[in-house]
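The next block holds one structure in the form of structure tokens; read it before the comments.
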Amino acid sequence: MVALLDQLSANDLDISECINKCSSLKIPMILLVSNKFINLITQYDQIEDFIVSPFSEEELIARIKLVILKNVDPQNENIIRIGTLSINPINYEVRLNNRVVTLRYKEYELLRLLASNPEKVFSRENLLNQIWGYEYFGGTRTVDVHIRRIRSKIEDAKDLKIETVWNVGYRLTKSNTI
Numbered sequence: 034m035v036a037l038l039d040q041l042s043a044n045d046l047d048i049s050e051c052i053n054k055c056s057s058l059k060i061p062m063i064l065l066v067s068n069k070f071i072n073l074i075t076q077y078d079q080i081e082d083f084i085v086s087p088f089s090e091e092e093l094i095a096r097i098k099l100v101i102l103k104n105v106d107p108q109n110e111n112i113i114r115i116g117t118l119s120i121n122p123i124n125y126e127v128r129l130n131n132r133v134v135t136l137r138y139k140e141y142e143l144l145r146l147l148a149s150n151p152e153k154v155f156s157r158e159n160l161l162n163q164i165w166g167y168e169y170f171g172g173t174r175t176v177d178v179h180i181r182r183i184r185s186k187i188e189d190a191k192d193l194k195i196e197t198v199w200n201v202g203y204r205l206t207k208s209n210t211i
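When we follow this note's numbering, the leftmost residue of the sequence shown carries the number 34, and every step to the right adds one.
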């Protein structure tokens with residue numbers, strides 16, 4: 034998303050006001066200005082690019098595309114989102130309601146697997162094999178303990194929960210109540 038601000042017929046105060054109001058949007062801004070405002074707009078870090086009049090439609094489109102390409106975050110493409118929960122597998126960060134949730138490694142791996150497959154039921158044995166590996170010799174109760182810890186850490190999530198499927202295992206479900 035890009036904010037295209039047409040300030041061709043504005044004065045100094047209008048431009049400053051517009052930039053200050055739009056900077057709270059936290060999206061890239063391209064300003065269309067006349068020649069006399071170049072010194073003014075170069076003082077603002079919030080402006081991604083500016084185009085001085087006269088300009089062609091092709092130049093405008095090219096500048097918009099360039100700003101969009103520069104602001105694409107490749108990490109965002111890998112983020113797992115379910116409800117108010119987001120999991121970034123690049124930096125192993127879990128957020129709930131934009132608050133960082135601290136998880137141990139196995140807790141993180143369990144939650145990531147469940148969130149990657151919402152509504153899918155995983156048996157305890159399946160979770161053990163996928164998270165701990167086939168060489169693990171402990172019992173399935175370790176899965177129960179880790180799930181209990183995860184539940185306590187994400188209990189603020191009103192829109193999702195880890196359900197127990199009796200005699201089978203667990204699944205992450207998204208509820209409609211927020």
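Quick reminder that beta carbons are idealized off the backbone N, C-alpha and C, glycines included.
- Item | Helix, strand or coil at Leu136 according to DSSP, with G and I counted as helix | To locate residue 136, count along the sequence shown from 1; it is residue 103. Here Leu136 sits in coil by DSSP.
- Start-to-end residues for the beta strand (DSSP E) that takes in Ile195: Stepping through the sequence shown from its first residue, residue 195 is reached at position 162. First-last of the beta strand (DSSP E) with Ile195: Leu193 to Val198.
- Query: How about Ile120 and Ala148: do their beta carbons lie closer than 8 Å?
  - Reply: Your numbering for residue 120 matches position 87 in the sequence shown. Your numbering for residue 148 matches position 115 in the sequence shown. Contact flag set, yes.
- Query: If you drop the 5 nearest sequence neighbours on each side, which residues of the same chain put their C-beta closer than 7 Å to that of Arg157?
  - Reply: Sequence index remark: in the sequence shown, residue 157 carries index 124 (1-based). Contacts found: Thr173, Val176 and Gly202.
- Consider the C-beta atom of Ala95 and the heavy atoms of the ligand HEM; say whether any pair is separated by less than 7 Å. Questions concerning the ligand HEM fall outside what the structure shown contains, since it holds no ligand whatsoever.
- Please classify Glu140: is it buried, with 16 or more other beta-carbons within 10 angstroms of its beta-carbon, or exposed? Your numbering for residue 140 matches position 107 in the sequence shown. Buried, because 16 or more other Cβ atoms sit within 10 Å of the Cβ of Glu140.
- Message: Rounding to the nearest angstrom, what Cα-Cα distance links Phe170 and Gln163 in this structure?
- Response: Position 137 of the sequence shown, counting from 1, holds the residue named residue 170. Position 130 of the sequence shown, counting from 1, holds the residue named residue 163. For Phe170 and Gln163, the distance between alpha carbons rounds to 14 Å.
- Could you pull out every residue in the same chain whose Cβ sits closer than 6 Å to the Cβ of Ile112, ignoring the five residues on either side in sequence? Your numbering for residue 112 matches position 79 in the sequence shown. The residues are Ser119 and Asn121.
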